[in-house]
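Student: To start, I am sharing the structure in question, which I have written as structure tokens.
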Ligand SMILES: NC(=O)c1ccc[n+]([C@@H]2O[C@H](COP(=O)([O-])OP(=O)(O)OC[C@H]3O[C@@H](n4cnc5c(N)ncnc54)[C@H](OP(=O)(O)O)[C@@H]3O)[C@@H](O)[C@H]2O)c1
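In full-length UniProt numbering, the protein residues as written are 1 to 278.
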């Protein structure tokens, strides 16, 4: 019988994770299947017990369960504990072990697409202070950033994340307006908010005037491939990167936790663009 892997969260129907993992299983001749499980907060406890009983080998966790799952796990690795969220669970001998590959996934994607940036200890602006921002900001502060500033709509959340980043790098909490007037400080500006599907949202966001010409603008969203934020940055001639590399590399690192090796990622980005993205 095939080994079982999956994704829990709500919604999950739109996720590209099944396409990605099932493609890798086929590519490497692994007898396994990756499925989605629609699970909301109220049913998380029950769902995790059922998954354990089913003999599942591992699963990913997405919105809104990445933090809620923590107390249900037998152990949580240090990085996931610091981030306060788990996106990957390994089920081994009846024990559930939690990891977070989101931040490392973003960094790996960056290394592949803009390797010159990761060696230079860039100054970074993170827009947003939610779960994804936390994993990306803390990873970048720990590994490559000399300065990782946080701009968020709810200022208290920017303060909290910035304080955590200060363990590893310089960091200041900012309002959107404060960030806007000092864009020339940053080599990298990363939008981690869900704004960007919609032109209407633009008014709530920061304007991209005054950044240095070699600044990279990144977004964690990959569908649409160019958010309003990335379109504007591209029109102004800046480097841009969407959320697809992060998706693929966080998935590859989860796959490695389950199978002991990192699968091919370049081909995967091309495959997902060709088959599933506009
Ligand atoms: N590419 C990938 O692999 C990957 C992985 C994980 C997540 N993501 C994407 O990352 C995004 C964020 O996910 P998350 O889990 O971090 O969400 P989250 O925890 O809910 O955080 C959302 C953040 O966006 C801000 N925000 C939301 N609506 C806003 C608005 N209208 N104006 C200004 N700020 C707004 C929130 O600000 P407040 O604090 O003020 O509410 C908060 O900082 C999602 O689009 C998700 O799809 C991508």
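Glycine is no exception: its CB is placed at the ideal position from the N, C-alpha and C atoms.
Being a predicted model, the structure only gives us computed values, none of them experimental.
#1: Keeping to the same chain, check which residues put their C-beta closer than 6 angstroms to that of residue 183; ignore five residues upstream and five downstream.
#2: Does residue 60 come out as helix, strand or coil in the three-state DSSP assignment?
#3: Would you list the one or two residues that DSSP bridges to residue 255?
#4: Quick one, are the C-beta atoms of residue 82 and residue 164 less than 9 angstroms apart?
#5: Run through DSSP, which three-state label would residue 85 get?
#6: Flag this pair as yes or no: are the beta carbons of residue 272 and residue 236 separated by less than 9 angstroms?
#7: Hey, how far is the Cα of residue 166 from the Cα of residue 111?
#8: Kindly confirm or deny that the segment 250-258 and the segment 124-133 touch, where touching means at least three C-beta pairs closer than 8 angstroms.
#9: Counting pairs of beta carbons, one from the segment 135-151 and one from the segment 96-103, are three or more of them closer than 8 angstroms?
#10: Can you look up residue 46 in the DSSP assignment and give me helix, strand or coil?
#11: Report, in whole angstroms, the separation of the C-beta atoms of residue 60 and residue 17, which I expect to be a contact under 8 angstroms.
#12: Over what stretch of residues does the alpha helix (DSSP H) that includes residue 17 continue unbroken?
#13: With three or more C-beta pairs closer than 8 angstroms as the rule, is the segment 144-157 touching the segment 116-123?
#14: Go through its chain and collect everything with a Cβ distance to residue 230's Cβ below 7 angstroms, but skip five positions before and after it.
#15: In three-state DSSP terms, what is residue 199?
#16: Are the beta-carbon atoms belonging to residue 55 and residue 35 less than 9 angstroms from one another?
#17: CB of residue 193 to nearest heavy atom of ligand 1: below 8 angstroms?
#18: Go through the segment 157-222 residue by residue and report every complete run of the beta strand (DSSP E) that reaches 3 residues or more, in order.
#19: Within the present structure, is the beta-carbon of residue 221 separated from the nearest heavy atom of ligand 1 by less than 8 angstroms?
#20: Of all the options 277, 261, 268, which has the alpha carbon lying nearest to the alpha carbon of residue 30?
#21: In angstroms, rounded to a whole number, what distance separates the CA positions of residue 117 and residue 53?
#22: Beta strand (DSSP E) containing residue 148: first to last residue?
Tutor: Taking the definition as stated:
#1: Sequence index remark: in the chain shown, residue 183 carries index 183 (1-based). Correct list, in chain order: 210, 211.
#2: Taking the chain shown and counting its residues from 1, the one referred to as residue 60 is at position 60. Residue state, collapsed to three classes: strand.
#3: For the purposes of this step, residue 255 is taken as the residue at position 255 of the chain shown. Partner residues in a beta bridge of residue 255, as assigned by DSSP, do not exist.
#4: Stepping through the chain shown from its first residue, residue 82 is reached at position 82. Stepping through the chain shown from its first residue, residue 164 is reached at position 164. In this structure, residue 164 lies closer than 9 angstroms to residue 82 by Cβ.
#5: Mapped onto the chain shown, residue 85 falls at position 85. Coil, per DSSP.
#6: Here residue 272 is taken as the residue at index 272 of the chain shown, counted from 1. Here residue 236 is taken as the residue at index 236 of the chain shown, counted from 1. Their beta carbons are not under 9 angstroms apart, which means residue 272 does not touch residue 236 by this criterion.
#7: For the purposes of this step, residue 166 is taken as the residue at position 166 of the chain shown. For the purposes of this step, residue 111 is taken as the residue at position 111 of the chain shown. About 23 angstroms.
#8: no
#9: yes
#10: Residue numbering aside, residue 46 sits at position 46 when the chain shown is read from its first letter. In the structure shown, residue 46 sits in a helix (DSSP, three-state: H, G or I).
#11: Here the question's residue 60 lines up with position 60 in the chain shown. Here the question's residue 17 lines up with position 17 in the chain shown. Yes, they are in contact, since the Cβ atoms of residue 60 and residue 17 sit about 6 angstroms apart, within 8 angstroms.
#12: The sequence position of residue 17 within the chain shown is 17, counting from 1. Per DSSP, residue 17 belongs to the alpha helix (DSSP H) from 17-27.
#13: yes
#14: For this step, residue 230 is matched to residue 230 along the chain shown. These residues qualify, in order along the chain: 217, 219, 240, 242.
#15: On the chain shown, residue 199 is found 199 positions in, with the first residue counted as 1. Residue placement at residue 199 cannot be trusted, given a pLDDT of 49 that sits under 50; what the coordinates show is reported in the next sentence. Three-state result, residue 199: helix.
#16: Position 55 of the chain shown, counted from the first residue, corresponds to residue 55. Position 35 of the chain shown, counted from the first residue, corresponds to residue 35. No, the Cβ-Cβ distance between residue 55 and residue 35 is not below 9 angstroms.
#17: As a first step, residue 193 is located in the chain shown; it is residue number 193 there, counting from the start. Yes, the Cβ of residue 193 comes within 8 angstroms of a heavy atom of ligand 1.
#18: The segment 157-222 contains, as complete beta strand (DSSP E) runs of 3+ residues, the segments 188-191, 216-219 (chain order).
#19: The sequence position of residue 221 within the chain shown is 221, counting from 1. Flag set: Cβ of residue 221 near ligand 1.
#20: For the purposes of this step, residue 30 is taken as the residue at position 30 of the chain shown. Checked all of 277, 261, 268; the closest Cα to residue 30 is 261.
#21: Within the chain shown, the letter at position 117 stands for residue 117. Within the chain shown, the letter at position 53 stands for residue 53. Those two C-alpha atoms are separated by around 45 angstroms.
#22: Residue mapping note: residue 148 aligns to position 148 of the chain shown, counting from 1. Per DSSP, residue 148 belongs to the beta strand (DSSP E) from 147-151.
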